[in-house]
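Undergrad:
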Amino acid sequence: MNSTLTIPANTTPEISAVDALWALLKQQTKSVKKAIALRLIQDEVISAEIAEQRRQETLIKISMQQAFDELRSGKVKHNARNLFS
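Numbering (the numbering used here), first residue to last: 28 to 112.
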């Protein structure tokens, strides 16, 4: 008895990208799976580091803008030459 799956002509089977990648990943060797997992983790860590760096740069920029605004408006009354003596 030959059991074959027949798909009606008016429907098309769809597979999600995640399911397709999962099927490909399952066929890989353990070392390839491990390498892919490590690369995914590294990518997330690098992305987080870049985001933190950008956040810090933004905070510094805002702080510097505020300091210069205060200096220009005359709110700062001390002599900056005394800061490093």
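The C-beta atom is built at its ideal place from N, Cα and C for all residues, glycine as well. The model shown is predicted, which means the values in this text are computed figures rather than measured ones.
1) State the start and end residues of the unbroken alpha helix (DSSP H) segment that holds T85.
2) Quick check on DSSP: helix, strand or coil for K104?
3) What is the rounded straight-line gap between the Cα of T56 and the Cα of A62?
TA: From the atom records:
1) Looking at the DSSP string, the run of the alpha helix (DSSP H) that includes T85 is 57-100.
2) Coil.
3) Approximately 10 Å between the Cα atoms of the pair.
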